[in-house]
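Asker: Sharing a structure here in structure tokens format.
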Amino acid sequence: MQQILLPILLMLGFSTGCPPVEDIDQYLDNDMDYLVEFYKERHMHPEISLQEENTSMALAEELRKVGFTVTEGVGGYGIVGILKNGEGPQILYRSDMDALPMLEKTGLDYKSKDESAMHSCGHDMHMTTLVGTARAMAAMKDQWSGTLMMIGQPAEEIGAGARAMLKDGLYDRFGVPDYGIGLHCNPSIKAGQIGISEGYTMANTESIDIKIKGVGAHGASPHMSVDPVVLASLIVMEIQTIVSRNIKPIDDAVITVGSIHGGTKHNIISDEVKLQLTVRTYKEEVRQMIHQRLKEITRGIAISAGLSEDMYPEIIIPEEFTPSNYNDPDLTANIKAAASKAIGRDNVIYAEPQMVGEDFACYSSTDDKVPTVLYWLGTVTQEKIDGGDLPGLHSPYYHPTPEETLKAGIKVNTQSMIDLMN
Ligand SMILES: [Zn+2]
Ligand SMILES: [Zn+2]
């Protein structure tokens with residue numbers, strides 16, 4: 027049987043292990059062991075941001091196996107797999123690939139073999155849903171028409187990978203997609219469910235530094251100084267009024283001073299204090315307003331201390347930042363409908379917007395304005411939810427429950443793509 031079947035499959039373009047199927051359930055029945063094996067392999071061999079060499083090779087190989095044309099080295103270790111299957115829309119699907127520099131403490135028998143790295147953000151699961159979706163779509167090629175654009179993206183955890191791939195000509199070289207889809211593991215939604223909502227769902231995030239200058243002196247002679255520790259204290263407190271007093275109550279923003287450093291010793295008044303801020307917003311005009319208020323507040327406090335203009339605090343705003351994620355309402359509606367068909371209406375739940383950042387947002391932030399959706403994939407068992415045992419993303423204890431998670435992700439992706447292609 028095998029001897030006859032294999033050449034026929036090869037002729038049809040299915041290189042290995044992925045025969046044509048009637049529907050997604052049949053595909054998952056055939057292929058689940060293969061996918062779980064791939065998932066565990068990735069989990070055991072994590073690679074951190076900008077070091078995803080072996081990971082990207084493994085992903086590229088999986089895509090080639092089912093007929094994709096794969097280009098490697100796009101924006102670093104990024105890969106792009108293209109499967110053309112007649113006329114129709116081009117759909118981008120993205121998985122990130124990087125792990126985090128930390129020791130895994132899950133105690134799983136497939137835990138990381140590298141004590142300095144762990145897939146604690148679920149990017150190993152993201153890659154496996156990409157492989158499963160690619161294999162399922164290849165096995166159901168007769169049910170859709172269009173082009174699949176599968177992306178393995180490096181360096182999500184440092185917010186650099188998506189931008190690097192776009193800068194390397196992603197859309198010029200491989201075409202501008204009509205739609206973009208991605209998912210992220212969620213550590214509190216049940217495996218088998220997804221969470222989704224339209225509009226802004228994740229924040230524009232940026233790191234801002236403020237350098238506050240002063241005039242140093244002996245700690246016993248404050249009258250000889252302009253104390254930057256006092257100025258920094260005033261600035262930190264005054265910054266708290268930006269969100270509460272300057273931003274419209276219905277707009278969202280977070281300003282956190284995460285670090286404050288200055289001085290060396292009890293009895294020395296230093297001449298500099300440094301603040302490190304994270305600023306998170308949804309709308310561009312809110313972001314601009316925060317920049318303006320930071321300048322006005324720091325400058326005003328410097329003037330009140332009698333400092334001259336050359337001594338005003340310096341605000342360092344990086345040119346590059348992670349934009350906010352906006353789930354296109356029409357595409358969200360399409361994916362919700364497809365997901366309800368694929369996993370049942372009760373398993374498609376509303377997910378609250380958050381102020382975390384994700385560089386998936388870059389794919390819709392070019393002038394091409396590609397409509398995209400990033401949804402949450404449930405990953406935990408009901409027992410864990412009942413027991414309140416829910417370590418968050420980036421926890422050394424976080425791990426998805428493989429089979430149920432994969433099933434839901436692959437079903438939702440596949441149904442969404444097939445519906446969009448028809
Ligand atoms: Zn992460
Ligand atoms: Zn992540």
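Taken in order, the sequence shown gives residues 27 to 448; the numbers are from the numbering used here. Idealized CB from N, CA, C, for every residue including glycine.
Under 8 Å: do the stretch 202-217 and the stretch 292-307 share three or more Cβ pairs, one atom per stretch?
Answerer: no
Asker: Taking G289 as part of the beta strand (DSSP E), name the residues at either end of that continuous run.
Answerer: As a working mapping, residue 289 is identified with position 263 in the sequence shown. That residue, G289, is in no beta strand (DSSP E); it is neither H nor E in DSSP.
Asker: In whole angstroms, what is the alpha-carbon distance linking V241 and L260?
Answerer: Position 215 of the sequence shown, counted from the first residue, corresponds to residue 241. Position 234 of the sequence shown, counted from the first residue, corresponds to residue 260. Using only the alpha carbons, I get a separation of about 16 Å.
Asker: Is the CB-CB distance between E79 and Y60 below 8 Å?
Answerer: Against the sequence shown, residue 79 aligns to sequence position 53. Against the sequence shown, residue 60 aligns to sequence position 34. In this structure, Y60 does not lie closer than 8 Å to E79 by Cβ.
Asker: What ranges does the beta strand (DSSP E) occupy inside the stretch 41-119, keeping only unbroken runs of at least 3 residues that lie completely in it?
Answerer: Unbroken beta strand (DSSP E) stretches of 3 residues or longer found wholly inside the stretch 41-119: 95-100, 104-111, given in chain order.
Asker: Output the residues surrounding ligand 1, defined as those with a CB atom closer than 6 Å to any ligand heavy atom, in chain order.
Answerer: C147, E183, L419, H420
Asker: Are the beta-carbon atoms of I327 and A243 separated by less than 8 Å?
Answerer: Within the sequence shown, residue 327 is the residue found at index 301, counting from 1. Within the sequence shown, residue 243 is the residue found at index 217, counting from 1. In this structure, A243 does not lie closer than 8 Å to I327 by Cβ.
Asker: Spatial neighbours of E340 within its chain, please: C-beta separation below 6 Å, excluding the five flanking residues on both sides.
Answerer: Taking the sequence shown and counting its residues from 1, the one referred to as residue 340 is at position 314. If we look at E340 and ignore the five residues flanking it on each side, its Cβ neighbours are K237.
Asker: With a 10 Å radius around its C-beta and 16 neighbouring C-beta atoms as the bar for buried, classify M250 as buried or exposed.
Answerer: Within the sequence shown, residue 250 is the residue found at index 224, counting from 1. Exposed: under 16 other Cβ atoms inside 10 Å.
Asker: Can you tell me the Cβ-Cβ gap for L85 and M166, rounded? I've got them flagged as a contact below 8 Å.
Answerer: Within the sequence shown, numbered from 1, the residue matching residue 85 stands at position 59. Within the sequence shown, numbered from 1, the residue matching residue 166 stands at position 140. About 21 Å separates the two Cβ atoms, so there is no contact after all.
Asker: Give the range of the beta strand (DSSP E) segment to which L320 is assigned.
Answerer: Your numbering for residue 320 matches position 294 in the sequence shown. No beta strand (DSSP E) contains L320, which is instead part of the alpha helix (DSSP H) from 310-330.
Asker: Quick one: does the C-beta of D385 sit closer than 7 Å to a heavy atom of ligand 2?
Answerer: For the purposes of this step, residue 385 is taken as residue 359 along the sequence shown, with counting starting at 1. D385: no, Cβ never under 7 Å from ligand 2.
Asker: With C-beta atoms as the reference, is Q169 less than 8 Å away from A434?
Answerer: Counted from its first residue, the sequence shown places residue 169 at position 143. Counted from its first residue, the sequence shown places residue 434 at position 408. No, they are not a contact pair.
Asker: Near Y449, what residues of its chain come up, given a Cβ to Cβ distance below 7 Å and the 5 sequence neighbours on each side ignored?
Answerer: With the chain represented from 27 up to 448, any question about residue 449 goes unanswered, as that position is not in the structure.
Asker: Drop a sphere of 10 angstroms on the beta-carbon of P355, count the other beta-carbons inside from all chains shown, and report buried for 16 or more, exposed for fewer.
Answerer: For this step, residue 355 is matched to residue 329 along the sequence shown. Exposed, since its Cβ has fewer than 16 Cβ neighbours within 10 Å.
Asker: Relative to the C-alpha of G185, which candidate in R319, Y401, D385 has its C-alpha closest?
Answerer: What you label residue 185 is simply residue 159 of the sequence shown in a count that begins at 1. Nearest C-alpha to G185: D385.
Asker: Using the three-state DSSP reduction, which class does H149 fall into: helix, strand or coil?
Answerer: In the sequence shown, residue 149 corresponds to position 123, counting from 1. Three-state result, H149: helix.
Asker: Taking 7 Å as the cut-off, is the C-beta of D150 nearer than that to any heavy atom in ligand 2?
Answerer: Locating residue 150 in the sequence shown gives position 124, where the first residue counts as 1. Incorrect: D150 has no Cβ contact closer than 7 Å to ligand 2.
Asker: Between Q314 and E345, what straight-line distance do the alpha-carbon atoms span, to the nearest angstrom?
Answerer: Position 288 of the sequence shown holds residue 314. Position 319 of the sequence shown holds residue 345. So the alpha carbons of these two residues sit roughly 13 Å apart.
Asker: Sorry if obvious, but does the Cβ on H69 come closer than 7 Å to a heavy atom of ligand 2?
Answerer: Along the sequence shown, one-based indexing puts residue 69 at 43. The answer is no for H69.
Asker: In this structure, what does DSSP give as the bridge partners for V280?
Answerer: For the purposes of this step, residue 280 is taken as residue 254 along the sequence shown, with counting starting at 1. V280 is bridged to R306.
Asker: Kindly indicate which three-state DSSP category K237 falls into: helix, strand or coil?
Answerer: Locating residue 237 in the sequence shown gives position 211, counting from the first residue. Correct three-state label for K237: strand.
Asker: Which residues does DSSP pair with G206 in a beta bridge?
Answerer: Start at 1 with the first residue of the sequence shown, and residue 206 comes out as number 180. DSSP lists L118, T398 as partners of G206.
Asker: A258: buried (16+ other C-beta within 10 angstroms of its C-beta) or exposed?
Answerer: Here residue 258 corresponds to residue number 232 of the sequence shown, with the count starting at 1. A258 comes out buried.
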